[in-house]
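Report on one structure; see the data block that follows.
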Ligand SMILES: Nc1nc2c(ncn2[C@@H]2O[C@H](COP(=O)(O)OP(=O)(O)OP(=O)(O)O)[C@@H](O)[C@H]2O)c(=O)[nH]1
Ligand SMILES: [Mg+2]
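Residue numbers (our numbering): 82 to 556.
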């Protein structure tokens with residue numbers, strides 16, 4: 082997602098890092114690059130212009146925190162401005178009482194209305210324990226009713242339909258009546274789409290809207306159509322009382338233009354995002370998370386903020402010197418873990434790491450650290466300083482001592498060595514303690530975390546590996 086933008090932002094931030102201070106000149110240079118990248122990503126021209134101005138103003142006014150580096154301050158500023166650009170949003174669905182709450186989907190042909198109606202039905206059934214009714218109110222396309230019925234069947238959600246009828250207002254009204262009679266909390270209306278915004282479609286959907294007065298009207302937009310999606314959103318917004326936009330096919334949107342412009346151009350927030358064809362690929366939209374995704378960094382901003390509160394600068398400097406020299410041993414490793422613990426526990430930190438978002442539902446027990454501690458404590462002092470000493474018989478001894486499998490020990494040593502290599506590489510940049518810490522998390526975090534997690538978390542290790550692939554080429 083948003084690969085080009087992510088790469089561009091990264092190269093801009095890299096060019097700023099290593100400089101002592103943010104000056105007007107280097108911010109201007111950076112912003113020229115950012116502007117180009119945004120326009121290439123199909124972000125609306127006005128939006129781009131305003132965004133770059135806002136970032137520049139914020140950057141010029143920003144106090145550069147001593148322990149951070151200009152590149153990082155810029156990351157934070159850009160992230161904040163991206164968040165502002167796409168927000169604020171309210172990801173909650175509001176229900177009326179007494180029900181049913183009426184939700185209407187509108188949008189161009191093929192934008193994903195029918196699929197999204199079904200996804201929404203699934204979400205509110207599972208997460209909010211409601212009983213929705215899907216109403217097949219697309220009477221234009223012959224197969225539309227059947228498509229919705231198939232989806233309804235898959236979900237076990239009832240679909241209201243009338244075969245051979247052409248009056249969308251009538252079907253909507255009857256659907257609502259049916260829902261009231263049968264105790265449905267929510268009615269989701271699937272409507273017809275057209276190739277372009279045209280009078281006939283607008284009249285039909287406006288008539289349906291007037292007849293049943295939906296509580297929520299969502300415009301479904303295909304993110305892959307970029308500016309076209311934004312322009313159609315503008316037109317729909319002029320004719321209907323939109324409550325929000327559902328941006329679909331973000332999984333296939335490599336540019337990000339629509340995601341970034343929709344709110345600024347229409348004034349309507351993105352409420353949900355479609356992240357795939359499967360029915361559970363619908364997520365509430367969070368601007369700060371999207372900003373992090375665009376910047377390709379997990380929620381590193383929060384991580385840096387947290388680290389800043391908790392991290393011992395002096396200790397960090399020492400660690401960094403060791404990392405740079407490659408003399409970072411298992412004892413230092415344990416110290417790092419203890420720092421992490423202080424920052425709020427492994428599981429909460431994991432969620433903030435780049436590429437680890439997928440694990441947010443997984444419960445990572447801080448006890449995992451204990452297992453690694455056990456392994457490290459079974460090593461001799463010499464082994465902790467120089468893991469190269471550990472051959473197969475020592476591995477067996479350590480495993481016995483820690484009460485773990487030999488593979489667990491071997492796995493920990495292997496990933497530790499790899500992390501150490503990476504740290505050496507990254508810490509060489511001459512940046513301060515925080516810089517090293519941040520880089521470690523944003524670049525080598527996967528390895529570091531896998532190493533920390535050790536044998537008990539092989540599943541996690543594989544996932545983080547897969548996710549990390551694209552980061553490599555940037556370095
Ligand atoms: N990759 C991806 N595909 C999606 C997403 N949402 C919908 N689609 C696909 O987009 C295509 C069109 O989706 P529909 O739900 O039929 O679109 P529609 O707006 O109802 O189309 P009409 O009824 O013809 O106006 C289908 O192949 C969906 O599987 C998404 O978030 N990601
Ligand atoms: Mg449809």
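Ideal Cβ placement from N, Cα and C applies to all residues, glycine included.
CB residue 180 to CB residue 266, shorter than 9 Å?
-> yes
Helix, strand or coil at residue 83 [DSSP, three-state] = The three-state secondary structure of residue 83, taken from DSSP, is coil.
Coarse secondary structure for residue 322, derived from DSSP in three states | coil
Cβ-heavy atom distance, residue 195 to ligand 2, below 8 Å | yes
First and last residue of the alpha helix (DSSP H) that includes residue 114?
-> 105-121
Per DSSP, what kind of secondary structure is residue 295 in: helix, strand or coil?
-> The three-state reading of DSSP puts residue 295 in coil, since its state is none of H, G, I, E or B.
Should residue 225 be listed as close to ligand 1, given that the test is whether its C-beta is under 8 Å from any heavy atom?
-> Residue 225 has its Cβ nearer than 8 Å to a heavy atom of ligand 1.
Can you name the start and end residues of the beta strand (DSSP E) that residue 215 belongs to?
-> 213-218
At which residue ranges does the segment 206-266 contain complete alpha helix (DSSP H) runs of 4 or more residues, listed in the order of the chain?
-> The qualifying runs are 225-236, 249-262.
Decide if residue 485 is buried, meaning its Cβ has at least 16 other Cβ atoms within 10 Å, or exposed.
-> Classification for residue 485: buried.
From the DSSP output, read off the bridge partner residues of residue 167.
-> Beta-bridge pairing links residue 167 to no other residue.
Reference residue 283; option with closest CA among 249, 231, 254 | Sorting 249, 231, 254 by C-alpha distance to the C-alpha of residue 283 places 249 at the top.
Excluding the 5 residues preceding and the 5 following residue 95 in the sequence, name in chain order all residues of the same chain whose CB lies nearer than 6 Å to its CB.
-> none
Residue 187 lies in the beta strand (DSSP E); which residues open and close that run?
-> 182-187
Helix, strand or coil at residue 355 [DSSP, three-state] = strand
Extent of the continuous beta strand (DSSP E) run through residue 365 | 363-365
Given that a residue counts as buried once 16 or more other Cβ atoms are within 10 Å of its Cβ, and exposed if not, what is residue 215?
-> buried
Helix, strand or coil: which one does DSSP assign to residue 270?
-> strand
Name the residue from 354, 482, 314, 318 whose alpha carbon lies nearest to the alpha carbon of residue 332.
-> 354
Check the DSSP bridge columns for residue 327 and list the partner residues they point to.
-> 301, 353
Contact between the segment 116-130 and the segment 84-92 (3+ Cβ pairs under 8 Å) | yes
Comparing the CB of residue 398 with every heavy atom of ligand 2, is any distance shorter than 8 Å?
-> no
With DSSP collapsed to three states, give me the class of residue 199.
-> Per DSSP, reduced to three states, the secondary structure at residue 199 is helical.
Compute the Euclidean distance between the alpha carbons of residue 93 and residue 156, then round it to the nearest angstrom.
-> 10 Å
Would you say the beta carbon of residue 313 comes nearer than 8 Å to a heavy atom of ligand 1?
-> no
Separation of residue 213 from residue 285, as counted between CA atoms = Between residue 285 and residue 213, the alpha-carbon positions lie close to 24 Å from each other.
Return the residue from the list 185, 167, 166 that minimises the CA-CA distance to residue 174.
-> 185
Verify the contact flag: residue 275, CB atom, against every heavy atom of ligand 2, threshold strictly below 8 Å.
-> no
Nearest-angstrom beta carbon gap, residue 323 and residue 298 [assumed within contact, 8 Å] | Rounded, the Cβ-Cβ distance is 5 Å, consistent with contact.
Beta-carbon separation of residue 199 and residue 252 under 9 Å?
-> Their beta carbons are not under 9 Å apart, which means residue 199 does not touch residue 252 by this criterion.
Going by other Cβ atoms of all chains shown within 10 Å of its Cβ, with 16 needed for buried, is residue 136 buried or exposed?
-> buried
Can we count residue 228 as close to ligand 2, meaning its CB is less than 8 Å from some heavy atom?
-> yes
Which of helix, strand or coil does DSSP assign to residue 481?
-> helix
Length of the line joining the Cα atoms of residue 264 and residue 254 | 16 Å
Assign residue 232 to buried or exposed, taking buried as 16 or more other Cβ atoms, counted over all protein chains shown, within 10 Å of its Cβ.
-> buried
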